[in-house]
Structure formats: structure tokens, C-alpha cells
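Trainee:
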Amino acid sequence: MPAPYSQDLRWRVIWLAEIVGLDLQEVSFFFQLSEMTIRRYVKKFRELGNVSTAIIGRPYNCIAIHPHEELVIFEILQQYPEKTLGEDKRITRTCGYNLKGRPAKIYRRYSNWGPRITAIPIISMEGILDVGFYRGHVNGETFLTFVNNVLVPCLLPYNGFNPRSIVILDNAAIHHTQEAINAINATGAMLIFLPAYSPDFMPCEELFAQVKYDIAWQDCPDPELMLWESFLQSTDEQIKNYIYHAGYMQTMYVDNFNCNTTLT
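Numbering-wise, numbering that gives the first Met the number 0 puts 110 at position 111 of the sequence shown, and it's gapless, one number per residue.
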């Protein structure tokens, strides 16, 4: 985009057109400018009294902060003074700039961005039944606690018609804990393990992608509450679509999927 004409040239146009009284065509010929440009300068002078270049960008009122909002921010900074450091390790740039024809480079940092929280959801054709949250990594003992306290109360005996009677787990090592397998089998439900490296058959993966996208730029003093609200954003219809997209037909009574992911 070419640079705008100087203020000196604009005022010379106004002087010849308004003070001297030359015709717009004569002014256009004298300065070698288009007649439309001359008309625009004259119109702006008559309406605003100046011919300054318009400021490019968003109006100040669109980006100015309200005094009440500023007060709220100062109150938060008094409570959490470390926020004034201007460093947020959670945010990683997704876009960058470089010269034309050269790819932009983004330097990513791999460090501890905060507390590690592992989420283990239970989804079915009824939607999200429950979600277990655990700080840190999950081992076989923690998964057994989840099975006994969260998963087992949701199950019904398998008879070919009961909902929530088929449990599908991915091939994670903690899912193969014998105590957890025995606890699920004791309910009468059918237990199925997916083959190794088969995320396409696990609808929880799409749910995880949605939750991670939702919390990518969020912040909350209670991360578990933020995660729980993010899971609740998924509607029952979305969960059904995730199950259908994983290849499970509507006529099948496959009603319980269990998987775990670690969110940091």
C-alpha cells in the first residue's frame, strides 16, 4: 500500500481550490492528482476543517478499559502481585511473523506449566456419566479406586438389552490391573479392551480434544473446577456423535467408554 500524500500537498490543494478559486480539473492537472482525490480533500476540509490523514486502526474507545474494569484488575493484582511479572508460562504462541516467502518460526518451551491433573471420564449414549480428577499421574491403584468408586456404580449386568452394560477400555497399562478387571466383571457387565494404537475407536479422544481446546486460553484459581466445567460444555448429542464417529452403530448397546488423559 503506497504512503499517503503529505500534509503540505493537501493544504496546497485546498489553497488553490478554496482560496484562489481554481476549478477542480485545473487543480488536478496542476498537481497531477486524480479529480476524485481533489474532491475528497475539498469535501473533508469543508466538513471537518482539516485534511489530516485518518488514523488507521481500531478506534480508541474500542480498546480503552472502563474505570470499573481497571479497579477490578488492581484488586486482583493486590491479591496476586506475582501477576505483574508479565510472564505466563501456560500460553504458547500459535502464530508468528517473518519476511515474505519465509516460514515463521515459533520457539516453544517445554517446562512445567502448572499442576498436572489426570481426567478419567465415563461417557455413554446418555452423555457424560461422570469424570474423575486426580492430581499427578495415575497408577493401577488410583485407577482401581476410580473403578470401585465411580465406574462400578454406573454399570448394569449385560443381558443384550441393558444400557451401561458394556465397558470399552483402551490399551493403557493401568486398565489391565487384575483387581480393576475383577471389579468390573463382578457387576456382570461385559468388558472389552481395544487393540493397541487404536485411538480412532475411542470416542473419548474427541472429547479430550474439545476440552483441551476449551481450556487452552483459560485460567482459574481452581483448575479442577475449570476442567469440570469444560467437560460439562459437551452436550449429550455431541457425545453420541463422538461414539458414532468412532464406528459404533446406533443399534449396538455399547454404552460405556472409559479412557484417561493427563491435562496440565
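Note that CB positions come from ideal geometry on N, CA and C, so glycine has one too.
(1) Go through its chain and collect everything with a Cβ distance to Gly139's Cβ below 6 Å, but skip five positions before and after it.
(2) With Ile183 and Val146 assumed to form a contact (beta carbons below 8 Å), what rounded beta-carbon distance in angstroms separates them?
(3) Whole angstroms is fine: what's the gap from Cys153's alpha carbon to Glu204's?
(4) Could you give the DSSP three-state label for Tyr4: helix, strand or coil?
(5) Assuming Arg134 and Arg115 form a contact by the criterion Cβ under 8 Å, report the distance between their Cβ atoms to the nearest whole angstrom.
(6) Using a 10 Å radius around the Cβ and a threshold of 16 neighbouring Cβ atoms, would you call Ile18 buried or exposed?
(7) Given a cut-off of 7 Å on the beta-carbon distance, is the pair Asp169 and Leu193 in contact?
(8) Could you give the distance in angstroms between the alpha-carbon of Tyr4 and the alpha-carbon of Lys43?
(9) Could you give the distance in angstroms between the alpha-carbon of Gln78 and the alpha-carbon of Asn158?
(10) In chain order, what residues of the same chain lie with their CB nearer than 7 Å to the CB of Gln209, ignoring the 5 residues before and after it?
(11) How is Pro66 classed by DSSP in three states: helix, strand or coil?
(12) Looking at the structure shown, is Tyr40 part of a helix, part of a strand, or coil, going by DSSP?
(13) According to DSSP, is Ser27 part of a helix, a strand, or is it coil?
(14) Do the CB positions of Phe132 and Ala179 come within less than 7 Å of each other?
(15) What are the boundary residues of the alpha helix (DSSP H) that includes Pro222?
(16) Check the C-beta distance from Val166 over to Met201 and give it rounded, since I have them as a contact under 8 Å.
(17) According to DSSP, is Ala215 part of a helix, a strand, or is it coil?
(18) Is Leu23 close to chain D, meaning its C-beta is less than 7 Å from at least one C-beta of that chain?
(19) Tell whether a beta-carbon distance below 7 Å holds between Ala16 and Val41.
(20) Mapping DSSP to helix, strand and coil, what is Val151?
(21) Assuming Gly126 and Ile242 are in contact, meaning their beta carbons sit under 8 Å apart, how far apart are those beta carbons, in whole angstroms?
(22) Please return the same chain residues whose Cβ sits closer than 8 Å to the Cβ of Asp7, not counting the five positions on each side in sequence.
(23) Mark Pro120 as exposed unless 16 or more other C-beta atoms lie within 10 angstroms of its C-beta, in which case mark it buried.
Mentor: Let me lay it out:
(1) As a position in the sequence shown, residue 139 is number 140, starting the count at 1. The residues are Ile173 and Thr176.
(2) For the purposes of this step, residue 183 is taken as residue 184 along the sequence shown, with counting starting at 1. For the purposes of this step, residue 146 is taken as residue 147 along the sequence shown, with counting starting at 1. Yes, Ile183 and Val146 are in contact; Cβ-Cβ is about 6 Å, under 8 Å.
(3) Taking the first residue of the sequence shown as position 1, residue 153 is located at position 154. Taking the first residue of the sequence shown as position 1, residue 204 is located at position 205. Distance between the alpha carbons of Cys153 and Glu204 is about 21 Å.
(4) Within the sequence shown, numbered from 1, the residue matching residue 4 stands at position 5. Here Tyr4 sits in coil by DSSP.
(5) Mapped onto the sequence shown, residue 134 falls at position 135. Mapped onto the sequence shown, residue 115 falls at position 116. Right, their Cβ atoms sit about 7 Å apart.
(6) What you label residue 18 is simply residue 19 of the sequence shown in a count that begins at 1. Per the 10 Å Cβ criterion, exposed.
(7) By one-based count along the sequence shown, residue 169 stands at place 170. By one-based count along the sequence shown, residue 193 stands at place 194. Yes, the pair counts as a contact, with Cβ atoms nearer than the cut-off.
(8) Position 5 of the sequence shown, counting from 1, holds the residue named residue 4. Position 44 of the sequence shown, counting from 1, holds the residue named residue 43. In a straight line, the C-alpha of Tyr4 is about 14 Å away from that of Lys43.
(9) Taking the first residue of the sequence shown as position 1, residue 78 is located at position 79. Taking the first residue of the sequence shown as position 1, residue 158 is located at position 159. Their backbone Cα atoms lie some 57 Å apart in a straight line.
(10) Counted from its first residue, the sequence shown places residue 209 at position 210. Excluding positions up to five away in sequence, the list reads Ser233.
(11) The residue given as residue 66 occupies position 67 in the sequence shown. Reduced to three states, the DSSP call for Pro66 is helix.
(12) As a position in the sequence shown, residue 40 is number 41, starting the count at 1. If DSSP states are grouped into helix, strand and coil, Tyr40 belongs with the helices.
(13) Here residue 27 refers to the residue found at position 28 of the sequence shown. Of the three classes helix, strand and coil, the one that applies to Ser27 here is helix, per DSSP.
(14) Your numbering for residue 132 matches position 133 in the sequence shown. Your numbering for residue 179 matches position 180 in the sequence shown. Not closer than 7 Å, so no.
(15) On the sequence shown, position 223 is the one that residue 222 refers to. Element bounds for Pro222: Pro222 to Leu231.
(16) By 1-based counting over the sequence shown, the position of residue 166 is 167. By 1-based counting over the sequence shown, the position of residue 201 is 202. Contact flag wrong, Cβ pair sits at about 13 Å.
(17) One-based indexing of the sequence shown puts residue 215 at position 216. In the structure shown, Ala215 sits in coil (DSSP, three-state: anything other than H, G, I, E or B).
(18) Here chain D cannot be found, since the structure has a single protein chain.
(19) Along the sequence shown, read from residue 1 onward, the residue named residue 16 stands at position 17. Along the sequence shown, read from residue 1 onward, the residue named residue 41 stands at position 42. Yes. Within cutoff.
(20) In the sequence shown, the residue the question calls residue 151 occupies position 152. If DSSP states are grouped into helix, strand and coil, Val151 belongs with the helices.
(21) What you label residue 126 is simply residue 127 of the sequence shown in a count that begins at 1. What you label residue 242 is simply residue 243 of the sequence shown in a count that begins at 1. Rounded, the Cβ-Cβ distance is 10 Å, inconsistent with contact.
(22) Here residue 7 refers to the residue found at position 8 of the sequence shown. Hits under 8 Å: none found.
(23) The residue you call residue 120 lines up with position 121 of the sequence shown. Result: buried.
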